[in-house]
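For reference, the structure is listed below as structure tokens.
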Amino acid sequence: MKILLATVFDYPHAGGLSTHVTTLKAGLEARGHEVDVLSFSDISPVSQNLLAKGPSFILNKLSKGSGIIWSHHVRQKMLYRLIEQHKSKGYDIINAQEVFATLAAVETGIPTVTTVHGYMTYEAISRGSVVEGSRQARYLLQKEVEAYTKTRKIVTVDQRIKNYVFEKAGVEATAIRNFIDINSFKPDKENRLAYRRKHGFAEDTNIIFVPRRLTKKNGVIYPVLALPQVLEKYPNTMLVYAGMGEAFQELKSLIHEKGLEEKTKLLGAIPHEAIKEYYALSDIVLVPSVHSAGVEEATSISALEAMGSGSPLIASAVGGLKEIVRHEHDGLLVEEKNVDQLAQAIIYLLDHPEIGQRLAKEARRKIEEEYSHLAAAKKYEEIYAAALQQ
């Protein structure tokens with residue numbers, strides 16, 4: 001098949017959706033398909049700024065939420081024109097990665113499958129982009145329903161999102177949990193010391209890694225709140241964040257307030273390829289997600305990558321994290337927002353590195369058996385084939 005993966009967002013960028021697209025593309029190509037990606041990044045920077053980003057910024061200043069509506073609307077139109085320009089390539093199917101990409105794809109007449117990565121409207125509320133109950137929030141939800149009813153098939157990345165789609169639009173979806181390239185994200189601990197030297201970390205430092213976008217739902221403040229307890233027993237500990245987001249300033253202020261500047265490092269957004277080295281040099285990986293405005297973590301790609309990379313994982317017992325982590329077998333689960341429990345889990349693994357190694361070994365086994373990008377690509381292939389039969 002000739003397959004087009006389409007998104008109204010930038011590609012590539014730091015985040016789960018971009019990682020999903022890259023990994024799915026690799027899996028589909030390994031199975032013999034031709035795969036292209038079209039995204040907002042394929043639009044000229046001048047058009048991006050003049051038509052989407054600039055007006056969106058101004059409109060948001062005038063009325064909260066108006067800017068995001070404008071931006072989505074313009075991005076949809078731009079993506080539609082892009083797809084039309086590439087129609088000569090003879091795509092059999094488009095796999096749209098979100099609501100407005102779906103609406104653009106459907107308009108071209110090419111059979112469309114939609115992957116739903118989250119709860120678009122609720123996530124916009126959680127980020128503070130729109131106000132709950134506002135006209136803008138109602139509009140976004142209306143567009144969700146429109147997209148879910150117009151596309152031929154829907155794939156969701158976990159069971160809860162599948163239930164959400166049915167609840168909002170009355171449409172049955174297929175849940176295919178997120179996945180990783182198991183050949184790319186694999187244990188690399190033999191290079192641990194080399195990576196530490198490369199990135200400026202001492203050999204004997206306990207490195208706690210948080211590979212998360214800095215958003216409220218990702219619970220990024222809680223490792224900082226837990227760190228003082230850890231430092232009491234293990235003063236040679238460093239908390240390292242990889243990611244950017246709207247909670248950056250809040251996190252930075254909290255670090256300053258707690259006097260933890262020397263014990264934390266904010267890397268910002270780093271290339272997906274480079275993040276592998278941080279998994280390898282880390283002692284523990286944290287995925288401290290929380291419920292926020294009705295939004296909860298799906299099947300976290302960061303958690304899967306950590307489990308595939310040989311680092312013991314501590315995650316919050318929310319959403320899809322509860323599906324992928326079996327407590328005390330291939331990782332540790334802690335109650336969301338429970339600072340004491342998070343601190344004690346970190347201390348426990350630092351006290352017992354052999355247990356961390358066992359958890360990491362079992363986690364890798366699970367990833368190989370259940371979360372391979374090649375197995376996921378086969379499932380998507382079956383969905384595409386079914387969509388073409390409609």
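Position one of the sequence shown corresponds to residue 1 (UniProt numbering), numbered consecutively onward.
The C-beta atom is built at its ideal place from N, Cα and C for all residues, glycine as well.
This structure is a prediction, so every number in the text was calculated from the model and none was measured.
Mind reading off the beta-carbon distance from residue i to residue j? Whole number of angstroms is fine, and I expect it under 8 Å.
i, j, result
"V325", "A360", "About 12 Å; that fails the 8 Å criterion."
"L28", "A377", "5 Å"
"V220", "K258", "Incorrect: roughly 14 Å between the Cβ atoms, too far for contact."
"M244", "A387", "M244 to A387, Cβ: 35 Å. No contact."
"V240", "I346", "So it is not a contact: roughly 13 Å between Cβ atoms."
"E296", "G319", "4 Å"
"S309", "K276", "7 Å"
"A52", "L79", "Not confirmed; about 11 Å, so no contact."
"I94", "T115", "I94 to T115, Cβ: 11 Å. No contact."
"G128", "E246", "7 Å"
"A137", "T121", "6 Å"
"Y119", "I161", "7 Å"
"residue 393", "A226", "In the structure displayed, the chain extends from 1 to 390; residue 393 sits before or after that span and is not available."
"T174", "I383", "6 Å"
"V99", "E144", "5 Å"
Between the options, which lies nearest to residue i when the distance is taken from Cα to Cα?
i, options, result
"A269", "T7, Q48 and G16", "G16"
"A242", "E232, R213 and G259", "R213"
"M238", "Y278, T205 and E98", "T205"
"L333", "M244, L267, K378 and V287", "V287"
"I182", "A386, Q390, A375 and A387", "A375"
"N178", "H117, E381 and Y164", "H117"
"A298", "Y384, Y164 and Y222", "Y164"
"V210", "W70, D283, R135 and D351", "D283"
"D158", "E328, S300 and E382", "S300"
"R192", "S184, E203, F185 and K186", "E203"
"G65", "V295, Y278, I255 and S134", "S134"
"V74", "T108, V8, V37 and T115", "V8"
"L350", "V131, L251, E335 and S311", "S311"
"L38", "Y195, E84, W70 and R197", "E84"
"K153", "R160, Q142 and G170", "G170"
"L50", "L62, I255, W70 and G109", "W70"
"L141", "E370, E381, P45 and H72", "H72"
"H329", "R364, E336 and N338", "R364"
"H199", "L260, K89 and L281", "L281"
"F40", "I58, Q389 and S18", "S18"
"L62", "I355, V130, N338 and T151", "V130"
"Q48", "R31, Q76, D188 and L24", "Q76"
"T232", "S289, Q344, L321 and E250", "With the sequence shown as reference, residue 232 is identified as Glu, and Thr is not the correct amino acid for it. Selected option, being the one with the closest Cα: Q344."
"L82", "S44, N60 and F57", "S44"
"Y279", "Y234, P187, S316 and K252", "P187"
"E250", "E123, K216 and P271", "K216"
"L24", "Y380, Q390 and Y234", "Y380"
"F166", "S184, I180 and A147", "A147"
With which residues is residue i paired in a DSSP beta bridge?
i, result
"K2", "E34"
"Y241", "V210 and L266"
"K186", "None, per the DSSP bridge assignment."
"I180", "S372"
"L286", "I314"
"T112", "I94"
"T299", "T299 pairs with nothing; no bridge assigned."
"A175", "T156"
Secondary structure at residue i, three-state DSSP: helix, strand or coil?
i, result
"I275", "helix"
"L260", "coil"
"K153", "strand"
"S56", "helix"
"G331", "strand"
"S292", "strand"
"T215", "coil"
"F9", "coil"
"S253", "helix"
"D204", "coil"
"N236", "coil"
"residue 391", "Since the first residue of the chain shown is 1 and the last is 390, residue 391 is not available in this structure."
"R326", "coil"
"K25", "helix"
"G308", "helix"
"N163", "helix"
"G16", "helix"
"K168", "helix"
"E246", "coil"
"G65", "coil"
"Q76", "helix"
"K337", "coil"
"Q390", "coil"
Answer yes or no: does any C-beta atom of chain B fall closer than 8 Å to that of residue i?
i, result
"G32", "Checking the listed chains, one finds no chain B in this structure; it contains a single protein chain."
> Which full runs of the alpha helix (DSSP H) of 4+ residues lie inside the region 347-383, going along the chain?
Replying inline: 353-370
>> Please give the ranges of any alpha helix (DSSP H) in the region 112-147, keeping only runs that are unbroken, at least 4 residues long and fully inside the region.
In response: 120-127
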